[in-house]
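Down below is the structure, laid out as structure tokens.
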Amino acid sequence: MSAEMEKAALQKPAIQTHRIFQRFTTGQRWEHLLLLISFSVLLLTGLPQKYRTSTWSQQILSTPERVDLIQTIHHVAAVVLIIEVIYHLGLAIYLMAKRKLPGDIFITWQDIKDAGMMVAYLLFLKKEKPVFGKYTFEEKLTYWFLFFGVGIMVVSGVILWFPELITRVLPGGVIPAAKLAHSTEAIVAGIFIVLWHFYHVHLQRLNLSIFSGTISEDDLKTYHTLEYEQLTGEKIMTSENKQS
Amino acid sequence: MIRLVPVMVLVGILLMIGLLFSAAPGVAAPVAQQPPSEQNESLRDEYCLSCHANPGQTYTLPDGSELDLYVDPQEHANSIHGSQGYACVQCHTDVGEYPHPPLQAVDRRDLTLQLNGSCKFCHANEHSKAMDSVHAKALEAGNRDAAVCTDCHTAHAVQDWVDETTGETLPEARTQIPQTCAKCHSEIHDKYAESVHGSALTEENNPDVPTCIDCHGVHNIEDPTTNQFRLSSPEMCANCHTDPARMAKYGISTDVLDTYVADFHGTTVQIFEKQSPDAETNKPVCYDCHGIHDIAASDDPEKGLKVKENLLVTCQKCHPDARDNFPTSWLSHYIPSPDKYPLVYYVNLFYLLLIPVVLGGMFVLVAMDFTRSAINRNQERKLAKKLKQQAAEEESLSEPTRADENTRSENSSLDEREEPAIQQPGEEEGND
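Chain order of the listed sequences is A and B.
Counting from 1, one number per residue, gives the positions in the first sequence under our numbering.
Counting from 1001, one number per residue, gives the positions in the second sequence under our numbering.
Below, the structure written as structure tokens:
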């Protein structure tokens, strides 16, 4: 019996090495945290202002003092978000100037093809999922959808904050248009986060890379195959590799 | 023919009995209506007027002022009280027999205030409402000039102002109402008379415009300077301005309340009206922009808010930094369309398309992904079970071939998950 076990142990190593890879920098993790907090506070204080005809909202906004308080909290959170946006864009411009900006997040023709292949896979027209690099097309969509969403929110929010100043330059009609865009885009972004982002990072699989900053070797191999190959020089056999 | 005679006699008797009974209350009524005249000579109007119809008699009150004791018999006879046969003593209850007991009042106003209590004997409802009014409160606070019943209705020339059947103010009374209020509130009346409402009333006796009482109430006239009055005032204006029948005649939009509530100012005002009606807010209500008593037509060249310059001046009352473009940031009660506020209209259209197409598309993708993952997991589980069973069968068949099994499981990526991964945290750190 013991001889057999020794034999098996020799055939299979008892210690499995488990490598982890860096996925996000400390700065990026902080940025995500700031975005998460400011976005949540903005949504929580914005929703009662949007749905002010409903009873629950009217109970929150019941007195002028409360309306002022909620607007102040909203404005503080907005300033935090704007600072984060300025830092994010400033860093991107700085890195671009030093030609050090990693281009992984930009949408390429390959992403359109990946999306097409993914749909084909989901419709059972293909057996295997497409393989991805550092960011899947889904993650890129998350980034850019929120990039423009936050852009709309910041621009329309500033317009609503300083209507007297804005209308010295722009026509008055931008104020009600900004109001409509601000309140509708907020809902779009909120639904997007819950539907798309939460599904991919919580339901599909629990992905805490943005908080830990790291990704396990297995996950990197499975979900970011091309990046794994790039980082390690190993080739992973997939059905596509086999075909080509 | 002969048989008919007793029948007719019977019918005749029955008819006469019927007549007697039906006539009885009719005969009794006038007697009941004027009991004092039947009972006591001194309670009849004629008795009072035998002195008081003579001009020139006065009574000196304690403060030295002269009280004119003359009553115009015709004036009283033409009033609603006189024409319905109400007697002097029904209001003047404490005059007693002649010679009268001395008056308790110190001056003329005091006498009016004392006599005012008589109205409640018949008009208890109106009197108690008036006791809740801003006038009664002012009186209580020491303003003896605050209006009491007779200041508006007069003492001896009281007119009928209400249609008994409908409860509506009579058309001829409507023009008299502002004049009545003007006895004290003359400055406000002058503003009102020039307003779009007041001028229509005085010039054409327009039945649709409000008189004073349509906004301020009749007997329980509220203090219009309170926060509560301010916050509820949009509903007051909306009473008429959302009535399609009334507004159609003048081509005025009935969306004014809805558009007000949907836009910046009205939203907040409406919440406070419901949640904290006493709250003080700087958000404007209808009359902050349109004027309180001097409300002008929107196309009035001097004050109308359709004139951009006028609107800017109005905005600057609260937004002192506002400049030329600012007034159009308010939707002016319009519902955005390609012609009016196209930018707002197209932003709305953009989201009407974006939400179903993009978010809908994402929802479909997520649902498909969820389905495919569930199917995959199910198949993997089945496959793993099958493999395990096969392995167990093979094991029982040939005990010593463990190595074969190991090689097979290495090839099968599916089986990899079944094996417990050996966690070596120390190793991980070392690798990092």
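From the three backbone atoms N, C-alpha and C, an ideal C-beta is built for every residue, glycine too.
Owing to the predicted nature of the structure, the values given are computational and were not obtained by experimental measurement.
Looking at the structure shown, is residue i part of a helix, part of a strand, or coil, going by DSSP?
i, result
"THR1169 of chain B", "strand"
"SER216 of chain A", "strand"
"HIS224 of chain A", "coil"
"PHE296 of chain A", "Residue 296 of chain A cannot be examined here, being either before or after the span of chain A that is shown, 1 to 244."
"LEU44 of chain A", "helix"
"ASP1151 of chain B", "helix"
"LEU101 of chain A", "coil"
"VAL1162 of chain B", "strand"
"TYR1059 of chain B", "strand"
"ASP1068 of chain B", "strand"
"PRO1277 of chain B", "coil"
"THR72 of chain A", "helix"
"GLN59 of chain A", "helix"
"ARG52 of chain A", "coil"
"GLU128 of chain A", "coil"
"ASP1294 of chain B", "coil"
"GLY233 of chain A", "coil"
"ASP1223 of chain B", "coil"
"CYS1318 of chain B", "coil"
"PRO1073 of chain B", "helix"
"ARG1144 of chain B", "coil"
"GLN16 of chain A", "coil"
"TRP161 of chain A", "helix"
"ASP1132 of chain B", "coil"
"ALA1403 of chain B", "Any reading at ALA1403 of chain B needs caution, since the residue's pLDDT is 48, under 50, leaving its predicted position unreliable; the model's value is listed next. In this structure, ALA1403 of chain B counts as helix in the three-state DSSP scheme."
Against chain B, with Cβ distances strictly below 8 Å, would residue i count as a contact?
i, result
"THR45 of chain A", "no"
"PRO64 of chain A", "yes"
"GLU229 of chain A", "no"
"LEU206 of chain A", "no"
"TRP196 of chain A", "yes"
"PRO130 of chain A", "no"
"ILE191 of chain A", "yes"
"THR249 of chain A", "Since the displayed chain A opens at 1 and closes at 244, residue 249 of chain A lies outside it and no answer follows."
"VAL76 of chain A", "no"
"TYR199 of chain A", "yes"
"GLU31 of chain A", "no"
"ALA181 of chain A", "yes"
With a threshold of 8 Å between beta-carbons, can residue i be considered close to chain A, or not?
i, result
"ILE1335 of chain B", "no"
"LEU1397 of chain B", "no"
"GLU1280 of chain B", "yes"
"GLN1176 of chain B", "no"
"ASN1227 of chain B", "no"
"LEU1170 of chain B", "no"
"ASN1348 of chain B", "yes"
"PRO1356 of chain B", "no"
"LEU1331 of chain B", "yes"
Less than 8 Å between the CB atoms is what I'm expecting for residue i and residue j, so what's the real figure, rounded?
i, j, result
"HIS1265 of chain B", "ILE1252 of chain B", "At roughly 20 Å, the Cβ-Cβ gap does not stay under 8 Å, so HIS1265 of chain B and ILE1252 of chain B are not in contact."
"VAL85 of chain A", "VAL154 of chain A", "6 Å"
"LEU122 of chain A", "MET1362 of chain B", "Rounded, the Cβ-Cβ distance is 13 Å, inconsistent with contact."
"ALA1322 of chain B", "LEU1312 of chain B", "7 Å"
Using only CA atoms, which one of the options lies nearest to residue i?
i, options, result
"PRO48 of chain A", "A:ASP104, A:LEU160, A:GLU139 and A:LEU61", "A:LEU61"
"GLU164 of chain A", "A:ALA120, A:HIS88, A:THR136 and A:ILE175", "A:ILE175"
"PHE147 of chain A", "A:LYS113, A:PHE162 and A:HIS88", "A:HIS88"
"VAL1261 of chain B", "B:PRO1234, B:HIS1153, B:ALA1245 and B:GLU1393", "B:PRO1234"
"PHE132 of chain A", "A:GLN204, A:ILE215, A:LEU33 and A:TYR228", "A:TYR228"
"VAL1148 of chain B", "B:ASP1190, B:VAL1162 and B:ALA1130", "B:ALA1130"
"PRO1171 of chain B", "B:ALA1157, B:GLY1056, B:THR1211 and B:SER1050", "B:THR1211"
"GLU1273 of chain B", "B:ASN1227, B:VAL1095, B:LYS1317 and B:GLY1167", "B:ASN1227"
"LYS1283 of chain B", "B:ILE1292, B:ARG1174, B:ASP1294 and B:THR1267", "B:THR1267"
"ASP1263 of chain B", "A:PHE192, A:ALA177 and A:HIS200", "A:ALA177"
"SER304 of chain A", "A:ASP219, A:ALA186, A:THR136 and A:LEU206", "No answer is possible for residue 304 of chain A: the residues shown for chain A start at 1 and end at 244."
"TRP144 of chain A", "A:ASP104, A:LYS179, A:LEU33 and A:PHE21", "A:ASP104"
"GLN1057 of chain B", "B:ASN1325, B:THR1093, B:SER1050 and B:LEU1069", "B:LEU1069"
Verify the CB distance criterion: does residue i have a CB-CB separation below 8 Å to chain D?
i, result
"ARG1323 of chain B", "As a matter of chain content, chain D is missing from the structure shown, whose protein chains are A and B."
Should residue i be listed as close to the ligand GDP, given that the test is whether its C-beta is under 7 Å from any heavy atom?
i, result
"LEU101 of chain A", "Ligands are entirely absent from the displayed structure, and the ligand GDP is therefore not among its contents."
Members of the stretch 1360–1394 of chain B that neighbour chain A once the beta carbon cut-off is set at 9 Å: MET1362, PHE1363, LEU1365, VAL1366, MET1368, ASP1369, PHE1370, THR1371, ARG1372, SER1373 and ILE1375
In the stretch 1278–1304 of chain B, which residues sit with their C-beta less than 9 Å from some C-beta in chain A, listed in chain order? ALA1279, GLU1280, THR1281, ASN1282 and LYS1283
Quick one, which residues of the stretch 1259–1275 of chain B are near chain A if we go by CB-CB under 7 Å, in chain order? THR1267, THR1268, ILE1271, PHE1272, LYS1274 and GLN1275
When you check each C-beta in the stretch 1223–1253 of chain B against every C-beta of chain A, which residues fall closer than 9 Å? none
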